[in-house]
Structures are given as structure tokens and as C-alpha cells.
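Quick notes on the structure that follows.
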Amino acid sequence: MPGKLPYFFILLSVFIFSSCTDREEATKVSLEKREEITFRPQLPALTYAYLPQYSHTESFQRHHRLVEYLSEQTGLPIRQVFPDTFDDHINMFGQGKIDISYSNPFIYVKLANRFGARAMTRIIEEDGQAEFRGQIIARADNHDINTIEDCRGKSWVAVDPSSAGGYLFPLGHFVDHGIELNDFREVVFAGGRQENVILGVLAGLHDIGSIREGSLSVVEDKIDINQIKIIDNTRSYPGWVYAYSPWLPEEIVQQIRDAMLNLDYEHDHEHRAILEAARFIGFIPSDDQDFDPVRELSQKVGLELD
Amino acid sequence: MTRLLPDFLHGLKFRTKITLGVAGMLVFCGLGIGIILSNMSSKALLEEGRKRGMALTSGLAFRMAEPILAMDFLQMKNLIDNVHGQYEDVVYVFLTDASDNILSHTFSGGFPTDLLTVNLDGNETQPVLLSTEQGLIYDFNAKVALGERNLGTVRLGLSRSEMDAQIHRQRLTSLFSTLGVVGLGVLLASWFSRTVTYRLNRLRESAEEVVMGNLDVQAGFNLDQNCWQIMNCQRKECPAYGDVKRRCWYLAGTLCPDCKDREYPYKMDSCRSCPVYKHNFGDEIQDLAEAFDVMAITIKTHIEELTEREKTIARQQGLLKTIMNVTPDFITLQDKDLRYKFASKAFCDYFHLKENEVVGKTDFDIFSGQQADLNYHEDMQILITGQALSKEITFDRPEGRKWLHVIKVPVYDQDESIIGLLLTARDITMLKKYQEQLIQSQKMEDLGRLAGGVAHEINTPLGIILGYAQLLMEDIEDEDLLDDLKIIEKQTKVCRKIVADLLGFSRYSQSATETVDVNESIQEVIKLVEHIFSLNHIKILNDLDRHIPPLTGDKERLKQVWLNMLNNAADAIGQDGAIYIKSKLCAHRQRLVVSIADTGKGIEDENLSKIFDPFFTTKQVGKGTGLGLSVSFGIIKDHGGKISALSPPPVEYLPDDFPRSEHFGPGTVFIIELPLDHDQETDTEDKNGEHCRT
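Protein sequence lines, in the order shown, are assigned to chains Y and B. The end of the first sequence is residue 1516 by the numbering used here, with every number in the run present. The end of the second sequence is residue 740 by the numbering used here, with every number in the run present.
Here it is, written out as C-alpha cells:
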């Protein structure tokens, strides 16, 4: 019996040790000691806004590197702000809450006409063009719609009434083909989001949709874009534009413009990363006259720019 | 104290031990496993709680990116409140931006600033356990990140009390489940132990019955189906048919077609494939019980056989012992250590010992040291050499010298090794006496022949001396010379008488053959001496058998014998005594017996064998020559008879009215036997033939 006692204690120890839980050390914290906290106001900075055609996070991820680059290059504090809608963007610019606006040519024309915005640079799209166009899409299996004429009497979803590639260019294209707004069964806006237009058409909620060229690639990792067919493309118009507030001193504008124009997609690795995040490959200088075709188009389709 | 528990356990019943053992194991294992599983599940629950808190925090952080970018405080607040309100165990949620500004929180009445000092690093192991006034709280930290940019931090406090309560509930459930299973296990163990011990008890009771001598037990159970029922067998001559106590495979000589006719267990190989075996074969305990039954029956049979053999052996032992004890020879058996294993009754009686005083002892325990030492060396030599010993030894005993013829032989066992010593000894004292008598007879015959020759040669000169002396007596008138001559004449006559006796002893004298009436010759002698004896107050009694036939012999010489006998008796009595003469016919032995008993001084034992020697006498010098009995011996021998003496005389030689006196000596009786003539009528014998014993 004495020889078996150690085995019994070993067994007992196993049980005792196994029964011990890992005792966690707790940090003593008082929830009773309280203070009223006030938000520390943000430091003054130049505000940079991207027309909200995508989600805020998408906007942030595309442009925060560029914003940081511009801030570093100019030595100026620059902060990205996020308007919720196109109108919000226009209003905030009008209120002085946006110093640098990156928008489509249609919004720019509105900003220029209403609040004196001035074009600073234009971007060069990934296809190497400084212009872009709109596209009219439908479900690939919708055999009723194959040409621009087939769009008559259908349900049309567009990005926003202020959208250039997503509404204005296609509307001009329809007008050129003799189709007026009244000829559609309905015209619905997707809140400024290109993705919503594509997804609305794909879901069958609308017969046709209008998007800016290149938007399909944004959702290609979310849906099978082969299920979408392009009915027609509009003519090209001047592309997206950087404008500045009329209250912004000219030398600061110049610094910013220079910084933008200095970005070298081809040869600078860091610049390339910045530009790839922003989904374009460079800048060209721009001024207000570049956007007269847009003004004409607006007039043609009967949209008010002021 | 340390022995109390083992003693207590040892004293418990087997059934209780099994139940306690199984219950103990169940409790030990059940609680052990329960504790382990409970801890595992507790850990799992805590881990699950932590993961849930982390998931809530991470999800919230993911949804906070847009509101932070848009600085949409309402949405921030809504998201935070949604989580805080949705889950009761979420104590607090707050959101900070990248500059640690608190953007939104769920506290009312101020913000607990202590929270801003802990769990600031989102990279450290999450969550951090906080001890607060509201109990233990897990504080989770999740970064609101977009790409590599950190937009802020979501912190969420999850109460651990809910997890602890859940763990507690789980432990209670585990405990009660374990107790329930253990309880059920104990019940099953009790039932199991009862099932096992019931059969063991039955086996034990059977064993006790066997110990008490009852071999007709049945520890196994009766079968629901027996072999003849399973096989549909009608072979009633089979030994298994109708036997409900034993399984057929335990029986020899069963008549199954597949059963080899061998005894259990040698036929098991064939039985194991038999359908009866497969149907009736039980577990180990049943097997044990059945084997026990077979063993009991087998033992019973063996015991009966052994009992019968024992009776036979006992009978043989008794017979052998009777033979051993009845035989007058000494028989002993000693082992190789010379310890007595057996001693016959004659041996024990001879040495005045009891059997148990001999068996197991050695000679050193029984005999004197000298005798034992002698025996020891002698016995050891036999044991060593294997040579048997035969010898004659003599003992001086109070009743006289004894002669024994001793034979000692070694005893061999089956492998031819000596395992003991057998001694046989026979009392040859009588044989020795006969030998001595034979030698004596031969000696006396030779002596008689010598004496006869000498006497014959001396007789003539003596006759001449006597003649011339008598002639001289006639011629001489001188009284003195005449007296001298008379002395010469007298002494010469004495010499002639001696010579005549010697001639008679040696049968040298001429004997007449005639028909003799023994009783008449006795009567004549009695008449001759009666008067003389009466002067010495010696009375002569007689009891003469009238049926004695006449025999052929020399009357005068026989009368000489009677006269010698009576004279000897009178000499032995001296004064005042009685002589009893008796004659008796022993027809079946074809002889007559004459006994002459006296009340004299008797004869010493050592002299009894010598009294018939010539010239042997116990009388004073000059009172007798010692030739009377010798001459009588010779006369009786010439008549083909024999003469012997006993002292004191046995009662059968004395009449019932024989005079008794304290002055009388022990007395002697001389017994003379004479053969009858074969042509005599001998069928008239006294029915009381006890006096014919000589």
C-alpha cells in the first residue's frame, strides 16, 4: 500500500492542477471618477473634398495619400472632408468649408458659375485621357434593349442630377438621339453612387443605367460584370477637375498646382503609389474655358447651372 | 490508526467492496472528468465571451469609419448606443479619434477618466480585465482603421459577471449531471455486485457444505434447456440424459455423435464447436460453479473409493497386527535413523513396555546405554553394508537365563536404497534346554557306559574281597579283628551296592522282561517303606488309577525306581510331611503317568536340570551318592519313558485334600511317564484328562 501512495498523489495532483483556472490579473479602474469631456477643436487647415460619387471610405482611401503629399509639398495643413451628397459638396464649397474641390466638370461648372470656383488642374484618366465619357448599361440578358432607341419608355437610373458622366453626358446623348426626359417611364437617381446604379440595373430594379466610364471596374470584384452590357457610350468631355475657392490666395494655389503637376507616374515609385490609389495617372494644367462644352451641353439639355 | 481503514475494508463483504470500489471509481473518475470538462467549458465560455466582445468591438470599429470621416456624431452615437442597448452585458462603449479625442460614449454624468489610462495600446492582448465598482469588466480595444491609417479607437466594456454566472450555471449542471451519473452508476454497481456475489455466495455455501462433508452440492444453476432437449436426443442410455446437475461436456462417455469419448477436460476441443456447448456455456463464474460441482462429485467418488480401500487396508492392517501380536517372535521395524516404527506385542511384553513407549524411540531411549550402544553399532553396520545379521544372544532374567535367536535384515525401498531395519527374534530358551538335555543324555550315556565298564571290572575284585573277608570272619575269633573285618565287609558291600547301582544306571545289569502291574509294584514299595516313614511322621497318600493296564517291563527295577523316588521324597521332607503318589492313564497319548509329590524343601531352579546327573546331590556328604535319580532316569529310559521334576508341584499334581502346613516346604513332584504297550486296551480313560498334560 505505501508503494502505491505516490501514484495516488500524482493522480490527485493532476486533477488539482487541471481544476485550477488561469487566474487573470485585473487592473483596478474606477468608473465613479468622472469628468465632462469636451471635443478639442481641430486645428485650422485647408479643406480638400472629393465629390462623393463613392463611399467616404473609398474616397478616403483614394485620396488621403494625395492629401498628405500635397500637405508635405506645400507645407500647408490640408484636411480631407467628406460631403455626403453632390448638393452637400456644392453647398459646403459655397459656405467656404471646402478650399480645394475635386469634382466632375458638371459640378465644377456649377461651382464656377455660383461661387466663383476656379479650375486648377485636370486629371489624366488611367486610359491616358484627360477626358471621359458616360455609358448606358443594361442587364446582359435583357434582350429588349440593344440600341439607344430601345431605351425609350424604359426605367432609367442615373447617378445624380449633378453627375456628369452618370447623368448629364447620357442625357445629352439621349437628346442628340431625339429622346427627351419625358420619353422615359421613370428617371431615378442613386444618391450619387456609381455602384448603386450598376447594382440597381443588375438587380432588375431598372431597365437601363447611366454611369461614368470606368465605373464597372470598381465593382468587378463584387459582381460578375459580364452580366452587364454597355448599350452605348456618350461623346467625351473634359475630365475631372481640381478647383479652388476664390478666397484661397493665389500663391497657395500655385504651390498646390505645382505639387500636383510635379507628380511623376512613370518614374517616381512613391508618386505612382499615390496616383494609383487615386485611380488616375497625372495632372495637366486647366482653366475655366476648358469646360465650355459642358456649359453648352447643360444648356442643350435644359439644366440650370446658376 | 493507519491500520483502521485497511482493517475496516478487509472486514467488509465482497459485495460491499465491489459496490464501494465501483462507486469510488465512478466518483473519482466522474468528478475528475467533471472538473476537467467543467474547467474546459469554463475556459471555452470565457474565451467565447472574449471573442464575442472582440467581435462586437471590431464590428463597431468597422462601422465607425464612415461616421468618423464624415464626423457624423449622430451616427457615431447611434451605433454606440445600439450596441450598448442591445446587449445587457455591454457596460460601456466609447469612441476616440486618432488624437484620443472622445468622439462619443455611453456614459451619462461625465466620463470615467480612468478608462483613458488603461488598454491604450490596441496591439496588446485583448481584452484587458478591469476591476471596477460594477465588478470585473473586460475592456476591448479595436482600432478604426482604413488601410494603414488609424482613424480612431472603439473601446467596449463587457461585464464578466454574466460570463461567471453562465460558468456557474454550467458547473452546477455539470456537477448535478455527474452526481446523477455517479448515482446511477452506484445503483448499477450494486446490482452488478449483487448479481456476482449471489453466485459467489452460492459457490461459497457449496464449498462450506463440501467442507462439512456434504459432497452432494450444486453450485451451478439448472439450465433452461438441457443437451437432450437441444439435440432432440432420445438416447436414454447416455450418461448425460436426464442429468440436470452437470453439463454434458463434464461427463465421460456421452453418446453425442461429435463427442469424442474422452474424459473432461480432454474432450473440450470437440465440445467447443457443439451447439449444446454454445447454447449452455456460461460466464466464468458459471464455469467455475459447474467445475466445482464436477469436482465435488469427483471427490465424492474418490472418497467412496478411498473409504472402501481404507476399510480393506484397515482389515489387512488388523489382520497383520493380529498376526504380529499373536506370534511369539519379536518383530520390530526401525527407520534408517534407527527409530522404531513398529514393535510387536511379544517384544513389548518381553521388555515390559507399551507400544507407544517404543514407537518413535531409539534403543537409547529403551535399553541401557551399553546395550543401546552395542545395538547401535551393530544396526548401523547392517544399514551401511546391507549384510543381514543372525545371532543368538542370552539374557539373564529373574526367571532364568533366556536365549534369543535374533535376525536383523535391511529393508529396501523401490529404488533399492536401505530405508530401515527389520528385526525378528525368537525365544529359543526351551530349545536350548532341550539341547542341554540332549547333551546331558548323551553325556550320561557315555558316562554310564564308562561307569558300567569300570564297575564290571571292579565287581569281581570286590566279590573276592567280600568272599575272603567273610572267610576270614569265620576263622578269626579275635573280637577286635572281627570288628575290623565286619567294617571291611560292610564297606565292601557298600562298594558292591555302588557298583550294582552303576551297573543299573548303565543298563549293564541283566533286565527281566515280564508283565508288570504298575499299581501293584507301587503298592508293594509303599508297604515296604510305610512303616519306616511313619516313624518320621511322613504320611504316604496315593491315588492309583485302576484302569491302568499291565505293561511289559522289569518289575524289580521299576520297584527300585519307586523306592528311589519315595526315599528321595522322605529325604527331602526329613520330619513331618506327606507324600502323594498318583497314577493316571492317558489313553490318547498311549502312556501312563506316575507322579510322586512331597512336601519337602523343594529343588532350586538351577538344580532342576542337574538332579538326574550321576553323583549330583544336594544331600550332605555321606547321606547320598547322587546315583538314585540317575539310576531311576536310566531305568525309566530303558522302559521308553521319561522322568522330570517340577518344584514346587503344580496344583494338578496334588489332591484337593492334600495336607497343608506352614512347616511344609515348597515341595517337589517327580513325574514319570511310561509308554503303554500298543496292543493294550486304552480306550478307558478318565474323562478328566487334565493330569495327562505332561
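Don't be surprised by glycine CBs; every beta carbon is placed ideally from N, CA and C. As the structure is a prediction and not an experimental result, all values here were calculated from the model.
- Interface criterion not met: the Cβ of Y/I1220 is under 8 Å from no Cβ in chain B.
- Pairing B/E560 with B/G599, the inter-Cα distance amounts to about 5 Å.
- Here Y/I1346 is actually not in contact with Y/I1408; their C-beta atoms are around 12 Å apart, not less than 8 Å.
- Using a 10 angstroms sphere on the CB of Y/R1343, the tally of other CB atoms reaches 16 or more, which defines it as buried.
- If you look at B/F710, you'll find it isn't in any alpha helix (DSSP H); DSSP assigns it neither H nor E.
- B/M86 is classed as exposed because its beta carbon has fewer than 16 other beta carbons within 10 Å across all chains shown.
- Contacts with chain B at 8 Å (Cβ-Cβ) include Y/L1241.
- For B/D135, same chain residues with a beta-carbon under 7 Å away, outside a window of 5 residues either side, are L204, S205 and E208 in chain order.
- The straight-line gap separating the alpha-carbon atoms of B/D442 and B/G513 is approximately 55 Å.
- Relative to B/V200, the option among B/E523, B/S145, B/T224 and B/G226 whose CA is nearest is B/S145.
- Not one beta carbon of chain B lies nearer than 8 Å to the beta carbon of Y/Q1404.
- DSSP lists B/R637 as the beta-bridge partner residues of B/C632.
- Put simply, the backbone Cα of B/L612 is about 18 Å away from that of B/F662.
- DSSP, reduced to helix, strand and coil, places B/Q132 within a helical segment of the structure shown.
- In the structure shown, B/E535 adopts helical secondary structure according to DSSP, grouped into three states.
- Any Cβ of chain Y closer than 8 Å to the Cβ of B/I126 would place that residue at the interface, and such an atom is absent.
- The C-beta of B/V540 has fewer than 16 other C-beta atoms within 10 Å across all chains shown, which makes the residue exposed.
- Here the C-alpha atom of Y/T1444 lies approximately 6 Å from the C-alpha atom of Y/H1383.
- In this structure, the beta-carbon distance from Y/G1424 to Y/G1410 does not fall below 8 Å.
- Taking the Cβ atoms as the reference, Y/S1508 lies roughly 15 Å from Y/V1451, outside the contact range of under 8 Å.
- Cβ-Cβ distances below 6 Å link Y/N1352 to nothing in the same chain once the five nearest sequence neighbours on each side are left out.
- Against chain Y, a Cβ distance below 7 Å from B/R240 picks out nothing, because the smallest value is about 28 Å.
- Within the region 301 to 379 of chain B, the runs of alpha helix (DSSP H) at least 4 residues long that lie entirely inside it are, in chain order, 314 to 317, 321 to 326 and 330 to 372.
- Beyond the five residues adjoining it in sequence on each side, B/I453 comes within less than 6 Å, by CB distance, of S436 and T470 in the same chain, given in chain order.
- The three-state reading of DSSP puts Y/M1330 in strand, counting E and B together.
- Of all residues in the region 1449 to 1474 of chain Y, none places a beta-carbon less than 8 Å from a beta-carbon of chain B.
- Distances from the alpha-carbon of B/I428 to those of B/D723, B/V455 and B/L218 put B/V455 closest.
- Taking 8 Å as the CB threshold, B/R98 stays off the interface with chain Y.
- Between the C-alpha atoms of Y/V1428 and Y/E1405 there is a straight-line separation of about 8 Å.
- For B/Y422, same chain residues with a beta-carbon under 7 Å away, outside a window of 5 residues either side, are L384 and D409 in chain order.
- Note on geometry: alpha-carbon atoms of Y/G1306 and Y/S1313 lie some 16 Å from one another.
- With contacts defined as CB atoms closer than 8 Å, B/Y184 and B/G99 qualify as a contacting pair.
- In the three-state reduction of the DSSP assignment, B/L166 falls in the coil class, being assigned neither a helical nor a strand state.
- Within chain Y, not a single residue places a beta-carbon under 9 Å from that of B/N169; the smallest gap is close to 17 Å.
- Looking only at Y/A1350, Y/H1387 and Y/V1397, the smallest Cα-Cα distance to Y/A1368 is reached by Y/V1397.
- Residue state for B/E401 is assigned as helix, using DSSP reduced to three classes.
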